[in-house]
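Report on one structure; see the data block that follows.
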Amino acid sequence: MGLRLKFNLVLLVGLLVGMGLAGFLSYRLIFEAARAHVLSEASLMAAQADAISGYTAEEIAPLLASQFARRFLPQSVPAWAAQTNFRAIQKQLPDYSFRTVVLNPTNPADMPVDWQRDIITALQTNAATTQVVTERASPAGPILSMSRPIIISDPACLGCHSTPDAAPASMIDLYGSKNGFNWKLNEVLGARIVSVPMAVPLAHARETFTGVLTWLVAVFVVIMILLNLMLQFVIIGPVRRIAASANEVSLGNMDAPECVVRGRDEISSLGESFNRMRRSLANALRMLGE
Ligand code: HEC
272 MGLRLKFNLV LLVGLLVGMG LAGFLSYRLI FEAARAHVLS EASLMAAQAD
322 AISGYTAEEI APLLASQFAR RFLPQSVPAW AAQTNFRAIQ KQLPDYSFRT
372 VVLNPTNPAD MPVDWQRDII TALQTNAATT QVVTERASPA GPILSMSRPI
422 IISDPACLGC HSTPDAAPAS MIDLYGSKNG FNWKLNEVLG ARIVSVPMAV
472 PLAHARETFT GVLTWLVAVF VVIMILLNLM LQFVIIGPVR RIAASANEVS
522 LGNMDAPECV VRGRDEISSL GESFNRMRRS LANALRMLGE
């Protein structure tokens with residue numbers, strides 16, 4: 272096996288391992304960053320939903336309470352306000368959503384579908400869980416959902432969610448007396464689920480990763496070319512010249528020109544040593560001949 276082949280094989284193995292490691296690490300970093308970006312979007316949405324709910328409970332509900340004797344106004348319900356706001360947002364950004372789903376909802380539209388039910392079960396089985404992050408496929412690409420449990424800790428909520436008798440009559444007129452009652456304090460009743468599409472950040476991450484890989488391969492090729500050029504000019508070329516000169520000497524051709532090795536490295540000093548040895552040999556032969 273020639274020096275060039277050996278050298279290139281070792282180089283290839285080293286660079287491939289290096290590239291594999293760099294590729295793997297950058298893949299993880301880039302995709303983790305994309306996921307972190309989606310999660311921070313989801314946190315922002317959850318905070319917005321909380322803000323809308325809080326505003327409705329503190330500012331709007333007291334103003335509308337006096338109306339309940341005549342008619343019930345869902346505008347005073349925090350969960351209604353938050354979901355209505357996000358439905359408006361969804362008109363512009365169809366894949367983003369915010370839902371408050373409850374196993375026994377006041378409004379049947381808040382009944383969970385299968386994947387939402389799974390999340391509620393997960394939140395119920397582990398009472399210490401404050402947040403569940405899940406991903407699911409959709410026609411528009413993967414969607415990340417960040418879910419937090421709905422737990423009632425304020426007894427005032429039971430004014431409308433304990434028994435139909437306790438709730439305002441106008442609310443029963445509107446929603447009926449079958450659903451949304453018998454809620455218990457400090458139990459996981461459902462989940463507030465924020466969903467954020469991952470398709471765009473993932474596409475960006477894939478683009479970035481392809482860019483990083485392309486650069487890695489380009490650097491790899493440039494390193495291979497530079498080291499091969501160096502190998503040719505610094506080692507293989509001079510060694511071949513010294514070998515050719517040694518061949519001439521071994522055939523008794525003492526008049527062949529001395530090999531020229533430029534530079535001040537180990538190979539050039541080998542060339543010089545060889546030239547000196549050749550001169551000494553020629554001198555010795557000449558003395559023997561005399
Ligand atoms: C004045 C009555 C009333 C009070 C007080 C009230 N709610 Fe409700 N709640 C409703 C009604 C009515 C709905 C259905 C709104 C709709 O149409 O989306 C609802 C809906 C909800 C929902 C969405 C799921 C569902 O049942 O449709 C959640 C969650 C919720 N309420 C939690 C609470 C919490 C927590 C409190 C206390 C901070 C509270 N509610 C206080 C009347 C009330």
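Going by my numbering, the residue at position 239 of the sequence shown is 510; the numbering climbs one at a time, nothing skipped.
C-beta: ideal position from N, C-alpha, C; glycine also.
Computed from a prediction, not measured in an experiment: that's the story for all the values here.
For Pro333, the enclosing alpha helix (DSSP H) starts and ends at Ala332 to Leu335. Taken from the Cβ of Gly447, every heavy atom of the ligand HEC lies 7 Å or farther away. For Ala514, the uninterrupted alpha helix (DSSP H) run begins and ends at Gly508 to Ser521, by DSSP. Distance from the Cα of Met382 is smallest, within the candidate group Ser544, Ala462 and Phe504, for Ala462.
For Ile414, the enclosing beta strand (DSSP E) has its first and last residue at Ile414 to Ile422. If you ignore the 5 residues before and after Ile513, its C-beta comes within less than 6 Å of the C-beta of Cys530, Gly542 and Phe545, all in its own chain and listed in chain order. Looking at Thr371, Val459, Pro349 and Arg370, the one whose alpha-carbon comes closest to that of Ala427 is Pro349. In the DSSP annotation of this structure, Gly534 is not part of any alpha helix (DSSP H), being labelled neither H nor E. Contact check for His475 against Ala305 passes: the beta carbons are separated by less than 8 Å. Looking at the backbone, the Cα of Leu335 and that of Thr327 are separated by about 10 Å.
Beta-carbon to beta-carbon, Ile301 and Phe480 are separated by about 5 Å, close enough to satisfy the 8 Å threshold. With a threshold of 16 other beta carbon atoms within 10 Å, Gly325 falls short and is exposed.
Distance from the CA atom of Gly560 to the CA atom of Leu497, rounded to whole angstroms, is 49 Å.
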